[in-house]
Every structure is written in structure tokens, then in C-alpha cells.
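Its first residue numbered 6, the sequence shown is counted upward by one per residue in my numbering.
One structure is given below, encoded as C-alpha cells.
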Amino acid sequence: MRDIAHARDDRDIVFSARHFRFTGKYYHDPYTGSKTETLEDVDSFGLYRINPNGTQRTRIAPLRGASDTNPQWSPDGRSILFMRELPQGEEHVCRIDPDGQGLKVLFQLPKKSDSRLHEATWALAGSMVAVVVGKREEDWPFDKRFLLLLNATTGKVLQKIKGVTRVVAAPTGPTLLLTSPDTRAPRLLDLRTGCLTSVGPYQNSTIGWYGADTLIAINEKGQYVLLDLQGKPRGNPFTLNQVSAYAPHMSDDDNPNVRFAEWVPQDLCWFPRKTETRVMENYAHGSGG
């Protein structure tokens with residue numbers, strides 16, 4: 006299993022997974038010193054729906070040889086956004102109805118393109134889709150990546166912003182958090198006005214969403230600070246053992262008062278407990294999950 010779009014009370018869970026099987030062949034595991042049976046993949050990544058209680062697992066719009074990943078429920082629950090890679094190398098950003106009908110390709114990269122899709126997410130209450138595109142072979146600082154804003158119905162490109170490494174939509178509201186290459190400060194994009202606001206002096210890897218209009222960051226002293234959408238502090242900095250006073254509804258495995266998404270390069274993506282959190286490579290977040 007790779008990517009999960011969590012259910013709300015009114016919808017199922019959607020996830021991306023592929024199947025493996027044992028081969029009957031073994032290799033010597035240098036760490037355990039024992040023989041271990043190898044696995045081989047049976048198929049490529051596909052999209053599945055499943056009830057929250059684990060029943061009625063159904064595959065959505067299977068296409069032989071295609072790899073479907075990064076599923077995300079639309080805010081209104083009427084569509085699922087996902088990324089598809091075809092066997093010949095084409096990459097698509099698609100939307101589809103929950104019953105597997107109405108597949109529409111919103112954006113595509115041809116198979117001979119030297120670019121690749123890095124992520125796609127809903128934006129502005131599902132009326133837009135934000136897509137990050139970059140070179141297929143790239144080295145840090147990923148300075149060739151850029152953001153495309155698409156009309157979520159027609160796929161028309163509405164805006165292009167260069168130098169965007171990752172994009173994280175606010176749990177609710179019209180704002181995107183954009184991380185950038187090198188040590189450039191992250192930026193906030195207001196989708197209603199098109200205004201870009203730099204959020205400094207915080208670095209890309211130490212900032213994320215706390216709520217629809219609040220960011221949480223780590224300052225140069227290693228303290229946490231809440232920020233408004235202009236990057237101005239809300240209240241005084243606080244330490245980890247003081248988090249419960251400022252963020253009583255946050256949690257994680259190590260500290261019951263803090264929650265942040267792990268394994269997400271370039272951003273921490275903090276969210277309130279009742280809002281979905283991004284983990285693994287992609288994890289549905291905000292009101293759409």
C-alpha cells in the first residue's frame with residue numbers, strides 16, 4: 006500500500022496498492038543470517054475503495070499496466086483526483102467519479118517528455134488542481150520544478166509559478182503553502198487574489214499548516230511558533246513541553262500533544278487531530294479526505 010485518502014463520515018477510504026506473491030526462490034539475508042523468500046509484483050499500483058470497516062474492497066477504473074497513485078477525495082466528495090503513469094511512459098493527472106465512471110484527464114506529460122509529475126492536489130474548494138512538475142532526472146536543489154494551477158473541470162492551465170518544490174493546501178480555505186529550492190523562504194499563495202507572500206525567516210523543512218489560517222514553524226532557537234498568513238507570530242514561541250498550552254488537540258506517537266507528518270520531504274505539514282495528516286509519500290489532507 007502506498008497512498009491513502011482517508012474517509013470522512015460520508016465516504017469510503019480510497020487507497021493505492023499493488024499485489025505481490027512469493028516466488029519460491031530464496032536469498033541469504035546478510036542482516037538476519039537466514040534464508041528469506043523473495044517476492045515479485047503481480048500488477049502495478051491501482052486505486053481501491055473500501056468501507057471504513059474493511060468490507061467491500063473494489064478496484065476503481067483499472068487499466069492494464071498503468072500505475073495509479075496519490076488518490077484524493079474532492080472537498081464535495083463527488084470526485085477522486087489521482088496520478089496515472091501509462092506503460093509507455095505518459096503521465097496523467099486524472100479525476101474520476103467514485104463509482105469508477107467519468108474518467109477525465111486534466112493534464113498529461115507525453116512519454117518522450119524530459120519532465121515528470123511530482124504531485125497533484127485539490128485547491129480552492131475543489132475548483133482548482135495544483136500540480137508540481139519537474140525534470141525527470143534532477144539533482145538537488147530541484148530548481149527546475151514548477152507549479153501549475155489547473156481548472157479542475159476543464160484542465161485549462163490558469164497559472165504557472167517557477168521554483169516550487171512542494172505544494173501543501175491549507176486544511177480549508179484558499180491558501181497554498183509553496184516550498185522552494187535551496188534556502189529560499191517558503192511562500193503562501195492566495196488563490197483568490199493571486200498574491201504571493203514570503204514567510205521568512207523560516208526554512209522549507211520547518212514549516213507547515215496548523216489550521217486554515219495558521220502556520221506552525223520552528224525558529225532558529227528550535228522553538229515552535231504559530232504564524233498568521235503574513236508570516237507574523239501569533240503569541241510567544243514555545244517549547245515542546247509547552248505545546249499542550251498552545252495546541253492541545255495535536256498528538257503523535259512520541260508526544261501526546263504534537264502531531265506532524267513524517268516522510269514528507271520539504272515540509273512538516275502539521276494539522277489538528279480531526280483533520281487528516283499527510284504521511285508516507287502522499288496522504289489526503291484537509292476537508293477533502
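Cβ coordinates follow ideal geometry from the N, Cα and C atoms, glycine included.
Excluding the 5 residues preceding and the 5 following Ser-120 in the sequence, name in chain order all residues of the same chain whose CB lies nearer than 7 Å to its CB.
-> Correct list, in chain order: Leu-114, Val-138, Gly-139, Lys-140, Arg-141.
Taking the alpha carbon of Leu-234 as the point to measure from, which residue in Ile-221, Leu-153, Asn-241, Leu-91 has its own alpha carbon closest?
-> The residue with the shortest Cα to Cα distance from Leu-234 is Ile-221.
Can you name the residues that DSSP bridges to Ala-222?
-> According to DSSP, residue pairing for Ala-222 in a beta bridge involves Ile-212, Val-230.
Quick one: give me the first and last residue of the beta strand (DSSP E) that His-24 is part of.
-> Here His-24 belongs to no beta strand (DSSP E), and DSSP marks it neither H nor E.
With DSSP run on the structure shown, which of helix, strand or coil describes Tyr-32?
-> Strand, per DSSP.
By a C-beta neighbour count over all protein chains shown, 10 Å radius and 16 as the cutoff for buried, is Phe-3 buried or exposed?
-> Residue 3 falls outside the range modelled here, since the chain spans only 6 to 294, and no answer is possible.
For Gln-93, does the count of other Cβ atoms within 10 angstroms reach 16, so buried, or fall short, so exposed?
-> When all chains shown are included, Gln-93 counts as exposed.
In three-state terms, what does DSSP make of Ala-125?
-> Here Ala-125 sits in strand by DSSP.
Exposed or buried, which one is His-97 when buried takes at least 16 other CB atoms within 10 Å?
-> Answer is buried; the Cβ neighbour count reaches 16.
Using a Cβ-Cβ cut-off of 6 Å (strictly less than) and excluding sequence neighbours within five positions of Glu-45, which residues of its own chain qualify?
-> Same-chain partners within the cutoff: Thr-28.
Could you tell me how far apart the beta carbons of Ser-84 and Phe-50 are, in whole angstroms, since I believe they sit closer than 8 Å?
-> Ser-84 to Phe-50, Cβ: 19 Å. No contact.
DSSP state of Glu-95 mapped onto helix, strand, coil = When DSSP states are grouped into helix, strand and coil, Glu-95 belongs to the coil group.
So Phe-87 is in the beta strand (DSSP E); what residue range does that whole segment cover?
-> Note, Phe-87: beta strand (DSSP E), 85–90.
Beta strand (DSSP E) segment containing Pro-76, residue limits | Residues 72–78.
Does the beta-carbon of Asn-58 have 16 or more other beta-carbons within 10 angstroms, so that it is buried, or is it exposed?
-> Residue environment for Asn-58: exposed (fewer than 16 other C-beta atoms within 10 angstroms of its C-beta).
Have a look at Thr-170, Gly-178, Thr-180 and flag the residue whose alpha-carbon is nearest the alpha-carbon of Arg-189.
-> In terms of CA proximity to Arg-189, Thr-170 leads the group Thr-170, Gly-178, Thr-180.
Contact under 8 Å by Cβ, Leu-155 with Lys-161 = It is a contact, given that the beta carbons lie within the stated cut-off.
In its own chain, which residues sit with a C-beta less than 8 Å from the C-beta of Met-133, not counting the 5 before and 5 after it?
-> Excluding positions up to five away in sequence, the list reads Trp-127, Leu-154, Leu-155, Asn-156, Ala-157, Leu-163, Leu-196.
Report yes if the C-beta distance between Ser-185 and Pro-179 is below 8 Å; otherwise report no.
-> No, Cβ-Cβ distance for Ser-185 and Pro-179 is not below 8 Å.
Output the boundary residues of the beta strand (DSSP E) element that contains Gly-131.
-> Where Gly-131 is concerned, there is no enclosing beta strand (DSSP E), because DSSP gives it neither an H nor an E.
Simplified DSSP assignment, three categories, for Ser-118 = In the structure shown, Ser-118 falls within a coil segment according to DSSP collapsed to helix, strand and coil.
Leaving out five residues before and five after Gly-107 in sequence, what residues of the same chain have Cβ atoms less than 7 Å from its Cβ?
-> Excluding sequence neighbours, Gly-107 sits near Ile-101.
Rounded distance between the beta-carbons of Val-172 and Glu-124, thought under 8 Å = The Cβ separation is near 7 Å, so the contact holds.
Out of Glu-90, Gly-105, Val-110, state which residue places its alpha-carbon closest to the alpha-carbon of Cys-99.
-> With distances taken between Cα atoms, Cys-99 lies closest to Val-110.
Using a threshold of 8 Å, state whether the C-beta atoms of Thr-177 and Ala-135 are closer than that.
-> The answer is no: Cβ separation not under 8 Å.
Can you give the beta carbon distance from Tyr-229 to Ile-223, rounded, assuming they're within the 8 Å contact cut?
-> Contact between Tyr-229 and Ile-223 holds, since their C-beta atoms are separated by about 6 Å, short of 8 Å.
Counting along the chain, where does the beta strand (DSSP E) carrying Gln-164 start and finish?
-> Here the beta strand (DSSP E) through Gln-164 covers 162–167.
So, are the CB atoms of Leu-201 and Thr-219 less than 8 Å apart?
-> No, they are not a contact pair.
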